[in-house]
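The next block holds one structure in the form of structure tokens; read it before the comments.
Numbering (the numbering used here), first residue to last: 583 to 929.
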């Protein structure tokens with residue numbers, strides 16, 4: 583038996599592709615049999631976008647530097663429904679080859695470290711130019727809240743420059759700006775859970791900084807919704823946030839309670855955080871100078887609420903995260919159960 587609902591392969595479960603909480607299913611009938619190329623489709627967000635698209639009957643082409651790393655997605659589609667091709671946003675000829683013949687292109691490429699300008703600004707431009715040259719019908723560009731060409735952060739600046747380049751080359755592109763994305767394989771909630779599980783003392787930088795974490799399944803559904811209706815959403819920039827606005831300090835405390843840990847949580851003053859960021863001597867913490875700069879601004883929806891525009895009900899962190907955070911409890915799934923959603927709120 584084949585198809586998006588038939589995967590029983592261990593690799594599917596191991597990659598976290600069947601997470602509780604994907605109750606929102608957008609009407610993706612318009613995508614049936616269309617060829618959608620996902621640039622960076624085997625990454626954290628990309629794998630969920632691929633799953634959502636395959637469920638609509640779309641043909642999905644995964645394009646990334648090493649397509650073999652995305653082969654775990656094969657069992658999710660029917661015979662011939664999923665394609666894999668090598669592509670690198672820093673090599674325009676590979677992107678031109680990857681998007682050839684596509685009905686829709688989705689750019690999911692982003693980096694948290696390295697050459698932001700080359701990947702997130704010039705790379706985004708490369709994808710948009712290739713999509714335009716290939717006559718692609720719709721382009722969805724996944725950016726981030728805080729994207730601004732004038733940002734003091736190199737990350738935010740490159741994201742903003744990338745958005746401008748995308749709209750310059752492909753004016754009807756839809757830009758999606760998620761807040762922090764959470765899910766079974768994320769490098770945010772899991773990172774802090776790992777720290778809390780190991781350390782008796784957990785220092786917190788910028789404890790009052792606010793986030794609006796959005797579930798990866800909701801982001802995937804937003805991509806499908808945007809790709810399905812470019813006439814409505816083309817040329818728009820929409821921000822994606824979850825139902826809860828959470829401070830960094832409250833998030834750390836909630837994670838600790840959820841995994842049954844009781845570390846000493848120390849909220850560091852800003853001057854100490856700035857010194858740590860400058861020196862970079864706190865392992866596991868967001869301590870680079872650029873990350874510290876990003877933490878000076880809240881990561882919350884201030885523009886158009888994308889999930890509301892798409893008719894997607896936002897999934898709370900507290901309804902899905904306890905299921906995968908169980909491994910951080912002292913006694914695994916037999917340890918203390920998660921706390922209530924109310925304790926996640928910033929107040």
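Each residue gets a CB set at the ideal place from its N, CA and C atoms; glycine is no exception.
Computed from a predicted model, the values in this text were never measured in an experiment.
Helix, strand or coil at residue i [DSSP, three-state]
i           : result
residue 689 : strand
residue 708 : helix
residue 633 : helix
residue 911 : coil
residue 592 : In this predicted model, residue 592 has a pLDDT of only 32, less than 50, meaning its place in the structure is not dependable enough to derive any value.
residue 902 : helix
residue 887 : strand
residue 664 : strand
residue 749 : helix
residue 618 : strand
residue 894 : coil
residue 788 : coil
residue 858 : helix
residue 700 : helix
residue 646 : strand
residue 778 : helix
residue 814 : helix
residue 672 : coil
residue 829 : strand
residue 716 : coil
residue 733 : coil
Bridge-paired residues (DSSP) for residue i
i           : result
residue 846 : 783
residue 881 : 793
residue 721 : 687
residue 760 : 822
residue 806 : None, per the DSSP bridge assignment.
residue 641 : 617
For residue j and residue i, believed in contact at Cβ under 8 Å, the rounded distance
i           : j           : result
residue 705 : residue 672 : 6 Å
residue 807 : residue 892 : 4 Å
residue 640 : residue 618 : 5 Å
residue 647 : residue 615 : That pair is no contact at about 28 Å.
residue 888 : residue 822 : 5 Å
For residue i, the nearest candidate out of the options (CA to CA)
i           : options            : result
residue 785 : 716, 648, 713, 846 : 846
residue 832 : 802, 675, 791      : 791
residue 843 : 900, 884, 854, 782 : 782
residue 838 : 816, 904, 616, 824 : 904
residue 794 : 878, 850, 898      : 898
residue 742 : 712, 896, 692, 645 : 692
residue 830 : 841, 787, 853      : 787
residue 870 : 710, 723, 636, 737 : 737
residue 625 : 850, 690, 676, 680 : 690
residue 723 : 775, 771, 812      : 812
residue 817 : 760, 650, 745      : 745
residue 902 : 768, 878, 655      : 768
residue 814 : 894, 760, 754, 777 : 754
residue 729 : 698, 716, 712      : 698
residue 711 : 873, 913, 875, 747 : 747
residue 620 : 664, 772, 773      : 664
residue 696 : 877, 879, 872      : 872
residue 877 : 856, 900, 687, 819 : 856
residue 824 : 894, 836, 853, 773 : 894
Residue j beta carbon less than 7 Å from that of residue i
i           : j           : result
residue 678 : residue 809 : no
residue 751 : residue 703 : no
residue 804 : residue 758 : yes
residue 798 : residue 630 : yes
residue 800 : residue 890 : no
residue 642 : residue 635 : yes
residue 684 : residue 709 : no
residue 841 : residue 910 : yes
residue 907 : residue 775 : yes
residue 661 : residue 633 : no
residue 716 : residue 682 : yes
residue 828 : residue 882 : no
residue 956 : residue 612 : It is not possible to answer for residue 956, since the shown part of the chain is limited to 583 through 929.
residue 770 : residue 762 : yes
residue 789 : residue 849 : yes
residue 649 : residue 622 : no
residue 886 : residue 820 : yes
is_contact[residue i, chain B] using C-beta, thresh 7 Å
i           : result
residue 618 : The structure shown contains no chain B; it is built from a single protein chain.
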